[in-house]
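>
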Amino acid sequence: MWVRSTMTYRASFVLMTIGNCVAGGLDFLAILLMFSHIDALGGFTLPEVALLYGATCTSFGLADLILGNAERVGQRVRDGTFDTLLVRPVPVLAQVAADRFALRRLGRTSQGLVVLGWGAASADVAWTPLKALFLLVTVVAGTAIFCAVFLAGAAFQFWAADASEVANSFTYGGVTLLQYPPTVFAQDLVRGVTFVVPLAFVNWLPVLRLLGRDDPLHLPGWVSLCGPLVAVLLLMLTGLVWRAGLRSYRSTGS
Amino acid sequence: MRLYAAVAVSGFRRHATYRMATAAGVFTNTVFGFILAYTFIALWDERPHLGGYDRGQALTFVWVGQALLAAVSLLGGGFEQELQTRIRNGDIAIDLYRPADLQLWWLSADLGRAAFQLLGRGVVPLTAGALCFELTLPGDPLRWLLFLCAVTLAVVVGFALRFLLALCAFWLLDGDGVIMIGQLLCVFFSGTLLPLTVFPGAFADVAQALPWSAVLQVPVDVLIGRYAGAGLAGALGFQAGWAAVLLALGRLTQARATRKAVVQGG
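Sequence lines, in order, name chains R and A.
Each position in the first sequence, counted from 1, maps to that position plus 554 in the working numbering.
Each position in the second sequence, counted from 1, maps to that position plus 2 in the working numbering.
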């Protein structure tokens, strides 16, 4: 339904899709501008950064497509329209995902895929079918991890209805962080996104393994293979939080 | 005049109501400040004095940028969506019927909003940045006063640009796409991603002549102290010039749009 309704304003749809494509691309343009002055950032070359960037952007774009509209939960809690979702005979989460589902968000994913493709082709990696499969699994696991973060952010809004922007620090902040090599950041920050909010599994750890580089925390090698496991655990955990939030929901006015 | 002052005050109050949202915004700006600051450190370690800034000045650029993000509406301030909704559903007819000027009304409200955002969302991130990194902040109170002037002009330029975008709804009905393109141009050409002086060659000159540079690049440069004497007057004049041109353009568009407006139901 939402797909058809956005198609109604065709000019706006086209502009928005282009806009989404460019919005993601602007970050990469900034990176390109940086590399017009330098040869390596934090010890990483441009194709290597492109690989990191492409992997995060693709994952994030897909997660944004699936659950990006979960940020509207706060608004719905605030104005009381969340009740509508509760009385319909469809799982609430499915409705939240479909709420103003916006196909134009594919813009970011496609742009991420282009950069990922270029990075994969020009970075110094001896590709084998197994490595390609590993990259595919990484993107899927990354999508799941970002979905979990979106879900946690949505659940948080049952308690703090007008603080949806906190979630932005973890979603948009996360994707900005992961675009750059981990060597750029302070060790504590890297530890935080490895062990506290495990965003490092979206791309840092697996891509470093593909590039044959040491990770800055010197974790044992098998850790970088744990992305899917982390994603599943995280989804289960945030699922519980979401249900707890749903149970604590009191409609406005009460 | 008293009317518009009252509108500005209510704009301030309206945004001061959302305390949790403000706290959330402060948190987000601080997180982004840290992320950008580290990438800038890596960049300036490779190329000291890139774009004419030393490392302290580059870091100041990051944190002042985050502090001004909400006040000068680098990512959009929300009034443009509200105005477009009013244009689309016909409420604009009521606004036009009021004994107040449409553009001045929204400008006053936006100035009130900006004043709150500057206090509510600007002070904390900048303080956090100053505590965790070595920033080049001036000790001279006069410089801070000039910075405030530059920020005020930046708010007006930002408003005038978004007012023009919002008026597109008179012709397009669904103006979300235009607003989005406007935001992208603003993010890129204001210096939010990278200081405009870091852009390559002639592109840097063009970018610095565009109105968006008045929204962030110029206020930060005024604070950092890139301008002195006549240069300073020139920088503020550049902002005031764009503000005047864009406000006049908005006025023209407004006049044409209201002549065209047909409200449903007669």
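Cβ atoms here follow ideal geometry from the backbone N, Cα and C, with glycine treated the same way.
All values reported here derive from a predicted model rather than from experimental measurement.
Here's the rule I'm using: 16 or more other beta-carbon atoms within 10 Å means buried, otherwise exposed. How should residue 570 of chain R be labelled?
Within the first sequence, residue 570 of chain R is the residue found at index 16, counting from 1. Around the CB of residue 570 of chain R, 16 or more other CB atoms lie within 10 Å, so the residue is classed as buried.
> Quick one: which residues of the region 45–60 of chain A get their C-beta closer than 8 Å to a C-beta of chain R? List them in chain order.
45, 48, 49 and 52
> Please tell me whether residue 74 of chain A and residue 130 of chain A are closer than 8 Å, where the distance is taken between their beta carbons.
Within the second sequence, residue 74 of chain A is the residue found at index 72, counting from 1. Within the second sequence, residue 130 of chain A is the residue found at index 128, counting from 1. Cβ atoms of residue 74 of chain A and residue 130 of chain A: not closer than 8 Å.
> Flag this pair as yes or no: are the beta carbons of residue 78 of chain A and residue 181 of chain A separated by less than 8 Å?
In the second sequence, counting from the first residue as 1, residue 78 of chain A sits at position 76. In the second sequence, counting from the first residue as 1, residue 181 of chain A sits at position 179. For residue 78 of chain A and residue 181 of chain A, yes; Cβs fall inside 8 Å.
> Might you give, ordered along the chain, the residues of its own chain that have their beta carbon closer than 8 Å to the beta carbon of residue 702 of chain R, omitting 5 neighbours on each side?
Here residue 702 of chain R is taken as the residue at index 148 of the first sequence, counted from 1. Taken in chain order, the residues that qualify are 785, 788, 789, 791 and 792.
> Is it a yes or a no for the region 57–75 of chain A touching the region 614–627 of chain R, going by three-plus beta-carbon pairs under 8 Å?
no
> Which term fits residue 4 of chain A, buried or exposed, when burial requires 16 or more other beta carbons within 10 angstroms of its beta carbon?
By 1-based counting over the second sequence, the position of residue 4 of chain A is 2. Residue 4 of chain A should be labelled exposed.
> Distance, Cα to Cα, residue 600 of chain R vs residue 594 of chain R?
Looking up residue 600 of chain R in the first sequence gives position 46. Looking up residue 594 of chain R in the first sequence gives position 40. For the pair residue 600 of chain R and residue 594 of chain R, the Cα-to-Cα distance works out to about 7 Å.
> Less than 8 Å between CB atoms is the rule here; does residue 190 of chain A satisfy it with respect to chain R?
If you number the second sequence from 1, residue 190 of chain A lands on position 188. Among the CB atoms of chain R, one or more fall inside 8 Å of the CB of residue 190 of chain A.
> Tell me whether residue 665 of chain R is buried or exposed, calling it buried when 16 or more other Cβ atoms sit within 10 Å of its Cβ.
Here residue 665 of chain R refers to the residue found at position 111 of the first sequence. When all chains shown are included, residue 665 of chain R counts as buried.
> Measuring straight from C-alpha to C-alpha, what distance separates residue 32 of chain A and residue 99 of chain A?
One-based indexing of the second sequence puts residue 32 of chain A at position 30. One-based indexing of the second sequence puts residue 99 of chain A at position 97. Roughly 43 Å between the two C-alpha positions.
> So, does the CB of residue 725 of chain R fall closer than 8 Å to a CB anywhere in chain A?
Position 171 of the first sequence holds residue 725 of chain R. It does not: the Cβ of residue 725 of chain R has no partner Cβ on chain A nearer than 8 Å.
> Taking 8 Å as the threshold (C-beta atoms), are residue 49 of chain A and residue 591 of chain R in contact?
The residue labelled residue 591 of chain R in the question sits at position 37 within the first sequence. The residue labelled residue 49 of chain A in the question sits at position 47 within the second sequence. One thing to note: residue 591 of chain R has its Cβ within 8 Å of the Cβ of residue 49 of chain A.
> Using a Cβ-Cβ cutoff of less than 7 Å, which residues in the same chain neighbour residue 160 of chain A once the five nearest sequence positions on both sides are dropped?
By one-based count along the second sequence, residue 160 of chain A stands at place 158. Answer for residue 160 of chain A: 74, 75 and 217, listed in chain order.
> From this set, R/636, R/612 and R/584, which residue's C-alpha is nearest residue 712 of chain R's C-alpha?
As a working note, residue 712 of chain R is residue 158 in the first sequence. Here the closest residue by C-alpha is R/636.
> Who are the Cβ neighbours of residue 90 of chain A in its own chain at under 7 Å, not counting the five residues just before and after it?
Against the second sequence, residue 90 of chain A aligns to sequence position 88. So the list reads 171 and 175, once near-sequence residues are dropped.
> Name the DSSP beta bridge partners of residue 598 of chain R, please?
Counting from 1 along the first sequence, the entry for residue 598 of chain R is found at position 44. For residue 598 of chain R, which the question treats as bridged, DSSP gives the partners R/595.
> Give, in chain order, every residue of the region 126–148 of chain A whose Cβ lies closer than 9 Å to some Cβ of chain R.
none
> Should residue 268 of chain A go down as buried or exposed, given a rule of 16 or more other Cβ atoms within 10 Å for buried?
To locate residue 268 of chain A, count along the second sequence from 1; it is residue 266. Its pLDDT being 46, under 50, residue 268 of chain A is placed unreliably in this model, and the value from its coordinates should be taken loosely. So residue 268 of chain A ends up on the exposed side.
> List the whole-angstrom C-beta distance separating residue 197 of chain A from residue 63 of chain A, where the pair is believed to meet the contact cut-off of C-beta under 8 Å.
Within the second sequence, numbered from 1, the residue matching residue 197 of chain A stands at position 195. Within the second sequence, numbered from 1, the residue matching residue 63 of chain A stands at position 61. Going by Cβ atoms, the distance from residue 197 of chain A to residue 63 of chain A rounds to 5 Å, so yes, they are a contact pair.
> Can you tell me the Cβ-Cβ gap for residue 252 of chain A and residue 105 of chain A, rounded? I've got them flagged as a contact below 8 Å.
Stepping through the second sequence from its first residue, residue 252 of chain A is reached at position 250. Stepping through the second sequence from its first residue, residue 105 of chain A is reached at position 103. Between residue 105 of chain A and residue 252 of chain A the Cβ distance is about 6 Å, and since that is below 8 Å, they are a contact.
> Could you pull out every residue in the same chain whose Cβ sits closer than 8 Å to the Cβ of residue 237 of chain A, ignoring the five residues on either side in sequence?
Working through the second sequence from its first residue, we reach residue 237 of chain A at position 235. These residues qualify, in order along the chain: 152, 220, 223, 224 and 229.
> For a quick check, are the C-beta atoms of residue 771 of chain R and residue 646 of chain R less than 8 Å apart?
Counted from its first residue, the first sequence places residue 771 of chain R at position 217. Counted from its first residue, the first sequence places residue 646 of chain R at position 92. No, the pair does not count as a contact, with Cβ atoms beyond the cut-off.
> Kindly list, in the order they appear in chain R, the residues whose Cβ is closer than 9 Å to that of residue 26 of chain A.
Position 24 of the second sequence, counted from the start, is the residue given in the question as residue 26 of chain A. In chain order, 714, 716, 717, 718, 719, 720, 721, 722 and 723 make up the part of chain R whose C-beta sits under 9 Å from the C-beta of residue 26 of chain A.
> Whose C-beta lies closer than 6 Å to the C-beta of residue 633 of chain R among residues of the same chain, with five residues either side of it excluded?
Within the first sequence, the letter at position 79 stands for residue 633 of chain R. Non-local beta-carbon contacts of residue 633 of chain R in its own chain, meaning distances under 6 Å to residues more than five positions away in sequence, are absent.
> Within the same chain, show all residues whose beta-carbon is closer than 6 Å to that of residue 676 of chain R, passing over the 5 residues directly before and after it, in chain order.
Counting from 1 along the first sequence, the entry for residue 676 of chain R is found at position 122. In its chain, beyond the 5 residues on either side, 601 have a beta carbon closer than 6 Å to the beta carbon of residue 676 of chain R.
> Counting only the same chain and skipping the five closest in sequence on each side, list residues whose C-beta sits under 6 Å from that of residue 740 of chain R.
Taking the first sequence and counting its residues from 1, one reaches residue 740 of chain R at position 186. No residues qualify anywhere along the chain.
> Are there three or more Cβ pairs, one per stretch, closer than 8 Å when the region 112–121 of chain A is compared with the region 199–206 of chain A?
no
> Curious, which full-length alpha helix (DSSP H) runs of at least 4 residues does the region 85–159 of chain A contain?
94–99, 104–119 and 125–134
> Taking 8 Å as the cut-off, does the region 669–689 of chain R touch the region 720–730 of chain R (at least 3 CB pairs, one atom from each stretch)?
no
> So which of A/183, A/249, A/108 and A/169 has the shortest CA-CA distance to residue 86 of chain A?
For the purposes of this step, residue 86 of chain A is identified with residue 84 of the second sequence, where counting begins at 1. For residue 86 of chain A, the nearest C-alpha among the options comes from A/169.
> Work out the CA separation of residue 710 of chain R and residue 704 of chain R for me, nearest whole Å.
Sequence index remark: in the first sequence, residue 704 of chain R carries index 150 (1-based). Sequence index remark: in the first sequence, residue 710 of chain R carries index 156 (1-based). Cα-Cα distance, rounded: 10 Å.
> Is residue 96 of chain A buried or exposed, if buried means 16 or more other CB atoms sit within 10 Å of its CB?
Residue 96 of chain A sits at position 94 when you count from the first residue of the second sequence. Taking a 10 Å sphere around the C-beta of residue 96 of chain A, we find fewer than 16 other C-beta atoms and assign the residue as exposed.
> Can you find a CB in chain A that lies within less than 8 Å of the CB of residue 584 of chain R?
If you number the first sequence from 1, residue 584 of chain R lands on position 30. Chain A contact via Cβ: present.
> Since residue 755 of chain R contacts residue 700 of chain R with CB under 8 Å, what's their CB separation in whole angstroms?
Locating residue 755 of chain R in the first sequence gives position 201, where the first residue counts as 1. Locating residue 700 of chain R in the first sequence gives position 146, where the first residue counts as 1. Incorrect: roughly 11 Å between the Cβ atoms, too far for contact.
> Looking at C-alpha atoms only, which residue of A/53, A/111, A/204 and A/166 is the closest neighbour of residue 184 of chain A?
The sequence position of residue 184 of chain A within the second sequence is 182, counting from 1. Of A/53, A/111, A/204 and A/166, the residue nearest in Cα terms is A/166.
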